[in-house]
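Chemist: Here it is: the structure, laid out below.
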């Protein structure tokens, strides 16, 4: 069987390697490795200068991963920035929003991870909690900068995520924002112990899943395997 082509969104910013300091397309190798180990062929998708090629690109891909990254621009969901909200990456917000709209329209399989799930919610008209400790009274979703931690999530048994992962999953986490009001057509399907929404699915989409955690940082490949299987059909 031919392995499906799965696009993965990336950063585009200054980086240093060897004697060079230049603008680069950046992504933790955990993402393409997880896609490859799950059965797909990873294709990196840095933000382009123009967005007129989104639909042709999506038509050539079999699936998409929207990777984690910086906080979404609050103006996109009608909010002023919280003092703890990070500087947004506006080109990436535009690019990934366009990609999400295109895969939704084309019914292409996709997995939106952390920021990706938050942006999916915003694209669908939802809003975000900009700093979780203000809402839940603890920092267990991101206890230390630059280090992933783990917690358990409860998963709806009758959901795609539930069929893949079971009723509970122990997941890698690193986020200080989360879904507040759900966007159109999104269904919550997993929750942390403090009731923060940890996964959403797109109603009527053949494989449209957003997770607040970081499955690429885990040895559990079930989500990537399921994405590759759906993308190969």
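Residue numbers (the numbering used here): 5 to 237. For every residue, glycine included, the Cβ atom is placed at its ideal position computed from N, Cα and C. Source: prediction; values computed, not measured.
Nearest by alpha-carbon distance to residue 170: which of 226, 200, 86, 198 is it?
Modeler: Sequence index remark: in the chain shown, residue 170 carries index 166 (1-based). Closest option to residue 170, Cα to Cα, is 226.
Chemist: Thinking residue 193 and residue 234 are a contact (beta carbons under 8 Å), I'd like their distance in whole angstroms, please.
Modeler: Position 189 of the chain shown, counting from 1, holds the residue named residue 193. Position 230 of the chain shown, counting from 1, holds the residue named residue 234. Contact flag wrong, Cβ pair sits at about 16 Å.
Chemist: Classify residue 267 as buried or exposed, calling it buried when 16 or more other Cβ atoms lie within 10 Å of its own Cβ.
Modeler: The chain is shown from 5 up to 237; residue 267 falls before or after that span and cannot be answered.
Chemist: Would residue 197 be called buried (16 or more neighbouring beta carbons within 10 Å of its own) or exposed?
Modeler: Here the question's residue 197 lines up with position 193 in the chain shown. Counting Cβ neighbours within 10 Å, residue 197 comes out exposed, since fewer than 16 surround it.
Chemist: So, for residue 185: in the same chain, excluding its five sequence neighbours on each side, which residues have a beta-carbon less than 8 Å away from its beta-carbon?
Modeler: Your numbering for residue 185 matches position 181 in the chain shown. Excluding residues within five positions, the ones whose Cβ falls inside 8 Å are 130, 131.
Chemist: With C-beta atoms as the reference, is residue 219 less than 8 Å away from residue 133?
Modeler: Taking the chain shown and counting its residues from 1, the one referred to as residue 219 is at position 215. Taking the chain shown and counting its residues from 1, the one referred to as residue 133 is at position 129. Contact flag unset, no.
Chemist: Please list the segments of the beta strand (DSSP E) lying wholly inside the stretch 146-174, counting only runs of 3 or more residues, in order along the chain.
Modeler: Runs found: 153-159.
Chemist: For the putative contact between residue 10 and residue 67, defined by C-beta atoms under 8 Å, what is the C-beta separation to the nearest angstrom?
Modeler: Walking along the chain shown from the start, residue 10 turns up at place 6. Walking along the chain shown from the start, residue 67 turns up at place 63. That belief holds up - the Cβ atoms of residue 10 and residue 67 are roughly 4 Å apart, short of 8 Å.
Chemist: Are residue 127 and residue 101 close, meaning C-beta to C-beta below 8 Å?
Modeler: For this step, residue 127 is matched to residue 123 along the chain shown. For this step, residue 101 is matched to residue 97 along the chain shown. Going by C-beta atoms, residue 127 is nearer than 8 Å to residue 101.
Chemist: Which value, in whole angstroms, describes the spacing of the CA atoms of residue 204 and residue 22?
Modeler: As a working note, residue 204 is residue 200 in the chain shown. As a working note, residue 22 is residue 18 in the chain shown. Approximately 41 Å, taken between the alpha carbons.
Chemist: If we count the other Cβ atoms within 10 Å of its Cβ and call it buried at 16 or more, is residue 142 buried or exposed?
Modeler: Working through the chain shown from its first residue, we reach residue 142 at position 138. That one is exposed.
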